[in-house]
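Colleague:
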Amino acid sequence: MNKVVTLNQFIIERQHEIPEATGGFSRLLHHLGIAAKKVNREVNKAGLVDILGRTGAENVQGEEQQKLDLYANETFLDELRASGECCGVASEENEDVVIFEEGLQRNGRYIVCMDPLDGSSNIDVNVSVGTIFAVYKRLSPLGGPAEKRDFLQPGSALAAAGYVIYGSSTMLVYSSGRGVDGFTLDPSIGEFCLSHPAVRFPADGRIYSINEGNYEKFPPGVKRYIKFCQESDPRSGRPYTSRYIGSLVADIHRNMLKGGIYIYPETESHPHGKLRLQYECNPMAYLVEQAGGQATNGLGRILDITPQDIHQRTPFYAGSERMMDKTTEFLRLFGTR
Ligand code: AHG
Ligand code: MN
Ligand code: MN
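All the letters of the sequence shown, read from the start, carry residue numbers 4 to 340 under our numbering.
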């Protein structure tokens, strides 16, 4: 009989491998897993809102129902608070950082940056959405409140990162610096089960993912690269295949399993691109690198950027090593502006 390894078993086993581990990180991840299951339950029911009622309506308990991105935000915040291991959170849904002030949380050793529901415009049409999280060790002293500097650490300081994809099946994929492992939710037992151990980003790929509707506004290097992808060259497998869901998590997840490149570049009107550094690009870049791929802003490593603001944006290029090398070559030759 095949042995099923649940997420909780996996993190406890991994914890034994790290001498300094105290169980705090396992607890944090356990609570992130609970939040993911709760959000999954609500995302699954999204198609029923027209017959069951939506925002503004009241549910059976007399509570007002919320938009899913706000629900996801509160659910992850609640679980992180309950873990006792987290002293503060930066979220896409909150202008300011959320500092957990109670005694227990002040002793939390971690801070989290998160996008509680990414690609939320896809919910209404039953297309995959995700949650992205980045975990840092705090810099400020234990026992006091989290400080701004805790949230402005570069990606290279990440202790762990992961995403949840709410798709045709729901998966939690994470890394704590020793490769990337993926767990699929088995709804019959309500557990994430190890299904994709040691995920490796194929060194080369044939998928390019970019919102081509913005073509006219792209930097010259990106325009040239897109043309390169479309050219016919049977030897190198071109033309490549274009796949773009508009859900960062789903686009990167597919490319990480199949090989490909994802690009959200800078444009004249958006010189810093669209995606957010601290809770979209850094955690995804960390996972991409841990799986053997590359992630840059077109010029240098995403993980090396020193953040100035929790909501700052960055151009984002991530994918298979050889496709990334080619893109970087085109950006150097033809320019990022
Ligand atoms: P969010 O739903 O959190 O605002 O993020 C959506 C992001 C990302 O998931 C996706 O890759 C990108 O926006 C799509 O942007 P375009 O519609 O401009 O292509
Ligand atoms: Mn997002
Ligand atoms: Mn979001």
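Note that CB positions come from ideal geometry on N, CA and C, so glycine has one too. Since we're looking at a predicted model, the values are computed, not measured.
Assuming residue 73 is part of the alpha helix (DSSP H), what are its boundary residues?
Modeller: Residue 73 sits at position 70 when you count from the first residue of the sequence shown. If you look at residue 73, you'll find it in the alpha helix (DSSP H) that goes 71-86.
Colleague: Within the same chain, show all residues whose beta-carbon is closer than 7 Å to that of residue 130, passing over the 5 residues directly before and after it, in chain order.
Modeller: The residue you call residue 130 lines up with position 127 of the sequence shown. Correct list, in chain order: 248 and 250.
Colleague: When you compare only the Cα positions, how much space is there between residue 7 and residue 221?
Modeller: Residue 7 sits at position 4 when you count from the first residue of the sequence shown. Residue 221 sits at position 218 when you count from the first residue of the sequence shown. Distance between the alpha carbons of residue 7 and residue 221: 46 Å.
Colleague: Going by beta carbon distance, what residues of the same chain come within less than 7 Å of residue 159, once the five residues before and after it are set aside?
Modeller: Walking along the sequence shown from the start, residue 159 turns up at place 156. Hits under 7 Å: 306 and 307.
Colleague: Please say whether residue 167 and residue 39 have beta carbons closer to each other than 7 Å?
Modeller: As a working note, residue 39 is residue 36 in the sequence shown. As a working note, residue 167 is residue 164 in the sequence shown. Result yes, Cβ atoms of residue 39 and residue 167 sit closer than 7 Å.
Colleague: By how many angstroms is the C-alpha of residue 164 removed from the C-alpha of residue 180?
Modeller: The count along the sequence shown starts at 1 and reaches residue 180 at position 177. The count along the sequence shown starts at 1 and reaches residue 164 at position 161. Cα to Cα, residue 180 sits roughly 9 Å from residue 164.
Colleague: Hey, is residue 291's beta-carbon within less than 7 Å of any beta-carbon in chain C?
Modeller: Absence of chain C from the displayed structure is noted, only one protein chain being present.
Colleague: Where the beta carbon is closer than 5 Å to any heavy atom of ligand 2, which residues qualify, in chain order?
Modeller: 118 and 121
Colleague: So, at 7 Å on beta carbons, what are the nonlocal neighbours of residue 182 in its own chain, with the 5 sequence-adjacent residues on each side left out?
Modeller: Walking along the sequence shown from the start, residue 182 turns up at place 179. The residues 201 and 293, in chain order, have a CB closer than 7 Å to that of residue 182 in the same chain once the five nearest residues on each side in sequence are set aside.
Colleague: Residues in its own chain within less than 8 Å of residue 172 by CB, not counting five upstream and five downstream?
Modeller: The count along the sequence shown starts at 1 and reaches residue 172 at position 169. Once the five neighbours on either side are set aside, the close Cβ partners of residue 172 are 187 and 188.
Colleague: Any idea if residue 128 is buried or exposed, counting beta-carbon neighbours within 10 angstroms, 16 or more meaning buried?
Modeller: Reading the sequence shown from its first residue, position 125 is the one you call residue 128. Flag for residue 128 reads exposed.
Colleague: In angstroms with no decimal places, state the Cα-to-Cα distance between residue 325 and residue 229.
Modeller: For the purposes of this step, residue 325 is identified with residue 322 of the sequence shown, where counting begins at 1. For the purposes of this step, residue 229 is identified with residue 226 of the sequence shown, where counting begins at 1. Taking the straight line from one Cα to the other gives about 15 Å.
Colleague: Leaving aside the five residues before and after residue 34 along the sequence, list all residues of the same chain whose C-beta is less than 7 Å from its C-beta, in chain order.
Modeller: What you label residue 34 is simply residue 31 of the sequence shown in a count that begins at 1. These residues qualify, in order along the chain: 82, 83, 85 and 86.
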